[in-house]
């Protein structure tokens, strides 16, 4: 299976949701897509059949505003039909709201406020160790999110407790709502920051390439005594020139013309994945 | 008279239960000493997690543990736990429905002379405004033991506020508490005093002092603030001339507000709310602060006599 090509199918699902629901965080959805596809389809032991049992792998989308990408992936994984999401997303009374919530099958914890996810993941990783379970815990954070102090409280605890069953992923797209992450709150030497907190750091130069991400996740799995952070260099709005590397696409809704253009470009780029 | 701190009772009860329940986990934020949890940490080191001085992380970790089947008891000073971790309580515990028990130790003005940074006088108001979380304030060792055992069986998230100091017995061994049901400590026909936590004892003493002066005061221990036992409240209030609430909290959003809201709707009565003030609280020991603001037995008695004269 070509997972990069598959990611373009799910990008179309996201664009459909946001265009018809008239809201969402499309830029981050696009940057994080290959990370989620790789985790759910190649790395994690998690499915509608084992979800809710004690020993499946755990996933937390700490950058919860990119829920549309997770809806698309969970639907593709069989947790619920994609048509149900497209029909209900952001509509009055829906459970398919703009951030993770536990009423949706496949979602572990509510989200929406940044900086919470890593702490919850630390708790899950500790529980897995206590239970003697082999389950691993994955959490995806945005790079802008790293300004939250709680992230570093959790980073401290994860290395203190040698949580080698914990893998964090930074969706390093270098943009946040107000502009460049480096201008809003400088965070270069991001790898050194994490390594100084006792984490093993794996850089992925192309965080929108599933094979590169897969190799990083396999290396993380073999890591012992330390938690791992994968810094995935991604492109915000990846998949369409209209959006790529543009901060105002953090949560912009495409016009009809833009929507058609991006769908067309997704298709072209998908076909190029096979070349 | 026996004097036991509620925090010691929680530790003892959890140690007893942890002998047969490997899922009980206690988490502290460099607070195991002040929470009296050192004995638990020593008895069950594999079921104790030290998080360090990081209250946001403390509550988030507890939610993660609960999602994986653990029964976490988070023990941290109420002033920090209820304020610094407020959003984690809201999202990770209440909204996510995780089985986290938050034990706010040294609650109210327990740390009296350390200043208002260490007081928790807005915790009930803040946490009761979050849907999906219960709130309890036990008043003595027997009620605390019952509550701890009950909370181990109940799967909803809950906030429990206890004081730091040893408190005298109100109940006796073998008393049969009922879950989420207030306890009528004393019947009365003139006035009903509704109380919780460390104001139960002075209110009960005040009722006995009033009795000597021919005033009949009922006392209701509303240890369950959320869900509030409205039925017992209405029953108690319906037989008296006026109602008095006494609480170790700000005048806003605590027991007095809750009682007034219920009675104004279902059993209109004059309600006098005795609390700490909406202004900087004087420093001193708990007992000194209670006395200064009229929350001790003599102060409660005097307020009730004035109230009855005004009716």
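Residue numbers (our numbering), protein chains in the order written: chain A, 1 to 275; chain B, 1 to 311.
Think of the CB as a built atom: it goes at the ideal place given N, C-alpha and C, for glycine as much as any other residue.
- Distance from the CA atom of residue 55 (chain B) to the CA atom of residue 259 (chain A), rounded to whole angstroms, is 44 angstroms.
- Looking at the DSSP output, residue 267 (chain A) bridges to nothing.
- Residue contact check for residue 17 (chain B) against chain A: no CB pair falls below 9 angstroms.
- For residue 136 (chain B), the enclosing beta strand (DSSP E) starts and ends at 134 to 136.
- C-alpha of residue 44 (chain B) to C-alpha of residue 200 (chain B): approximately 34 angstroms in a straight line.
- A straight-line Cα-Cα distance of about 7 angstroms links residue 243 (chain A) and residue 236 (chain A).
- Taking 9 angstroms as the CB threshold, residue 36 (chain A) stays off the interface with chain B.
- Here the stretch 267 to 285 of chain B does not lie against the stretch 169 to 186 of chain B, with fewer than 3 beta-carbon pairs under 8 angstroms apart.
- Using a Cβ-Cβ cut-off of 7 angstroms, residue 57 (chain B) is close to 119, 150, 153, 154 and 157 of chain A, given in chain order.
- About 5 angstroms separates the Cβ atoms of residue 140 (chain B) and residue 169 (chain B), confirming a contact at the 8 angstroms cut-off.
- Not a single CB atom of chain A sits nearer than 9 angstroms to the CB of residue 155 (chain B).
- Annotated three-state conformation of residue 166 (chain A) is strand, per DSSP.
- Under a criterion of Cβ atoms nearer than 7 angstroms, the residues of chain A adjacent to residue 96 (chain B) are, in order, 102, 109 and 110.
- Beta-carbon to beta-carbon, residue 250 (chain A) and residue 176 (chain A) are separated by about 7 angstroms, close enough to satisfy the 8 angstroms threshold.
- In the DSSP assignment, residue 233 (chain A) falls within the unbroken beta strand (DSSP E) covering 228 to 233.
- Using a Cβ-Cβ cut-off of 7 angstroms, residue 200 (chain B) is close to nothing in chain A; its nearest Cβ partner there is about 35 angstroms away.
- Residue A:32 holds the alpha-carbon nearest to the alpha-carbon of residue 231 (chain A) among A:2, A:14 and A:32.
- Secondary structure remark: continuous alpha helix (DSSP H) runs of at least 4 residues inside the stretch 191 to 264 of chain A, in chain order: 210 to 221.
- With the rule of 3 Cβ pairs closer than 8 angstroms, the stretch 125 to 135 of chain A does not count as touching the stretch 64 to 76 of chain A.
- DSSP places residue 246 (chain B) in the uninterrupted beta strand (DSSP E) bounded by 242 to 246.
- For the 9 angstroms CB-CB criterion, residue 118 (chain A) and residue 158 (chain A) form a contact.
- Counting only runs of 4+ residues, the alpha helix (DSSP H) found wholly inside the stretch 11 to 46 of chain A occupies 26 to 38, in chain order.
- Less than 9 angstroms divides the Cβ of residue 227 (chain A) from the Cβ of residue 166 (chain A).
- Around the C-beta of residue 2 (chain A), fewer than 16 other C-beta atoms lie within 10 Å, and the residue is accordingly described as exposed.
- A:15 is the residue among A:15, A:7 and A:10 whose C-alpha sits nearest the C-alpha of residue 261 (chain A).
- For chain A, none of the residues of the stretch 245 to 268 of chain B brings a beta carbon within less than 9 angstroms of one of its beta carbons.
- Distances from the CA of residue 222 (chain A) to each of A:136, A:10 and A:85 were compared; the closest alpha carbon is that of A:136.
- The three-state reading of DSSP puts residue 186 (chain B) in strand, counting E and B together.
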